[in-house]
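Asker: Residue numbers (this note's numbering), protein chains in the order written: chain A, 1 to 119; chain B, 1 to 119.
Quick one: this structure, given as structure tokens, is what I'll be asking you about.
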């Protein structure tokens, strides 16, 4: 799985994404052999690089998760264009693109979890 | 509760936040009398306006949830400054500021939920 975030000039902000990818990798071992962070802008690795990493590791099924709260231009155009280009580049690899994080039903409990941890 | 998002030029993107606020309002009736969406930039209502709405509704405890994935300048400086200013403006109202969404343990299951809904 590739956790595809926007990317920030702030190293600490990108680090949060990297840490979440590591946590997902630990928890989803039955579903994914590998979970890689990637950034659309402002920080390596790019989504293209992360896909290349997964292909080089021998994976034939890659799931790209757009780690964005809102469906702006990046979610609607930029990430799908990168995935489409990668599909053409690696015709033997099945590259799936999920909905963006903002549409997850789990966000309600993610907000709730924030409240609990605050008390 | 005020769900404080960045705000987008895209109406549909702000609408996603408004819908999540409505969903949270429905599900958290035991904890919150009211859940209001608010935007730091680019769309009304502002966070200041949402706080004023809650105060006008007679609430004495307001929880502001920064609906941001990463702790950039907005999370570190802008939202806290707005909350601090509001605390001074409404000394009788207890205004709490939670951690930002990106730190919620629930994000792991939010991503997982995305995978499930995709299959």
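Using N, Cα and C, we set each Cβ at its ideal position, and we do this for glycine too.
Quick check for students: name the residue ranges of the beta strand (DSSP E) that lie wholly in the region 48-111 of chain A, counting only runs of 3 or more.
Answerer: 61-66, 94-97
Asker: Whose C-beta lies closer than 7 Å to the C-beta of residue 74(A) among residues of the same chain, with five residues either side of it excluded?
Answerer: Closer than 7 Å at the Cβ level, and outside the excluded window around residue 74(A), lie 6, 40, 68.
Asker: Less than 7 Å separating the beta-carbons of residue 50(B) and residue 2(B)?
Answerer: Yes, these two residues count as a Cβ contact at 7 Å.
Asker: Identify the residues that DSSP records as bridge partners of residue 45(A): which are they?
Answerer: Paired residues: none, contrary to the question.
Asker: For residue 33(B), which three-state DSSP category applies?
Answerer: coil
Asker: What does the Cβ neighbour count give for residue 98(A), buried or exposed, with the cut at 16 atoms within 10 Å?
Answerer: buried
Asker: Please confirm whether residue 81(A) has its beta-carbon closer than 7 Å to some beta-carbon of chain B.
Answerer: no
Asker: Counting Cβ pairs closer than 8 Å, one from the region 22-40 of chain B and one from the region 92-108 of chain B, do we hit at least three?
Answerer: no
Asker: Establish whether the CB of residue 114(A) and some CB of chain B are separated by less than 7 Å.
Answerer: yes
Asker: What in chain A is Cβ-close to residue 16(B), meaning under 8 Å?
Answerer: 69, 70, 71, 102, 103
Asker: Between the beta-carbon of residue 27(B) and the beta-carbon of residue 108(A), is there less than 7 Å?
Answerer: yes
Asker: Among 66(B), 29(B), 92(B), whose alpha-carbon lies nearest the alpha-carbon of residue 60(B)?
Answerer: A check of alpha carbon separations from residue 60(B) across 66(B), 29(B), 92(B) identifies 92(B) as the nearest.
Asker: From the DSSP secondary-structure annotation, give me the bridge partner or partners of residue 4(B).
Answerer: For residue 4(B), which the question treats as bridged, DSSP gives the partners 38(B), 66(B).
Asker: Taking only the alpha-carbon atoms, compute the straight-line gap between residue 89(A) and residue 48(A) and give it to the nearest angstrom.
Answerer: In this structure, the CA atom of residue 89(A) is about 10 Å from the CA atom of residue 48(A).
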